[in-house]
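Working notes, beginning with the structure itself.
Numbering (this note's numbering), first residue to last: 24 to 277.
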């Protein structure tokens, strides 16, 4: 069975790694495939290190946006190992449904529904990098009877605090934040500190719909594997890649 590698940004927060490993376990159970996790930053093993032992693997980016990592970094390293790279997780209705479930759970814990919602994404300055978050806003708005707006934890505006404050200024009192984020980390910690929020949804990695979406990405790549490789003939596989190989290695050419 073809190897499946989950490409994740990585975090210095230990809870993030644990959340991703739980997602990997769920995907492993659903597919029976060998599943590994490769990190782009902060954690080991690095994505180049993981792919060095798994040429020809299917790489699924565990990313909710189409920023630099999704569009440049991951495809660059995949070329060196003749790997197939699927789309990331952004823009899918399954993500909006998971976001809705997380929001409803937070609202129940707070004591009732919000009267306005802010969807907080990681943020990107790259053109198109925020499209996944904007799609989630539109999709979530179809599931809720209250206003839904967007905010970004970095690189773009408004910030979550600014978005919450604007809604309060418009007369809304129960303003909840839906975290369009994969795993716990500095962004989720910052969301927990935003003033005057009614409820804050948990990140999405542990939701069953995310595991199902990863499985669908993997299955689609396996069906397409009989097609010619988009990279042509298999390229030489670099050896001796260190476990903490930096993202800069992705520009290395065999």
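Every residue gets a Cβ at the ideal spot worked out from N, C-alpha and C, and that includes glycine.
Values in this document were obtained by computation on a predicted structure and should not be read as measured data.
Where the beta strand (DSSP E) containing residue 278 begins and where it ends: Here the chain comprises residues numbered 24 to 277, so residue 278 is not present and cannot be evaluated.
Host alpha helix (DSSP H) of residue 40 (start-end): For residue 40, the enclosing alpha helix (DSSP H) covers residues 37-54.
Limits of the unbroken beta strand (DSSP E) element including residue 203: 198-203 is the extent of the beta strand (DSSP E) around residue 203.
Those residues which DSSP pairs with residue 29 across a bridge: In DSSP, residue 29 forms a bridge with 60, 83.
Buried versus exposed call for residue 95 [16 or more other C-beta atoms within 10 Å across all chains shown]: Taking a 10 Å sphere around the C-beta of residue 95, we find fewer than 16 other C-beta atoms and assign the residue as exposed.
Among 26, 34, 32, 38, the one whose alpha carbon lies nearest that of residue 319: This structure leaves residue 319 out entirely; the chain is present only between 24 and 277.
Candidates 78, 205, 242, 199: closest to residue 7 by CA position: Coverage of the chain is limited to positions 24 through 277, which leaves residue 7 absent and any answer about it impossible.
Separation of residue 194 from residue 243, as counted between CA atoms: When only Cα atoms are considered, residue 243 and residue 194 end up about 46 Å apart.
Assigned secondary structure, residue 156 (DSSP; H/G/I helix, E/B strand, else coil): Helix, per DSSP.
Residues near residue 42 by beta carbon distance below 8 Å, same chain, minus five either side: Contacts found: 205, 206, 207, 226, 228, 229.
Among 118, 217, 224, nearest to residue 155 - alpha-carbon criterion: From the listed residues 118, 217, 224, the smallest Cα separation to residue 155 is found for 118.
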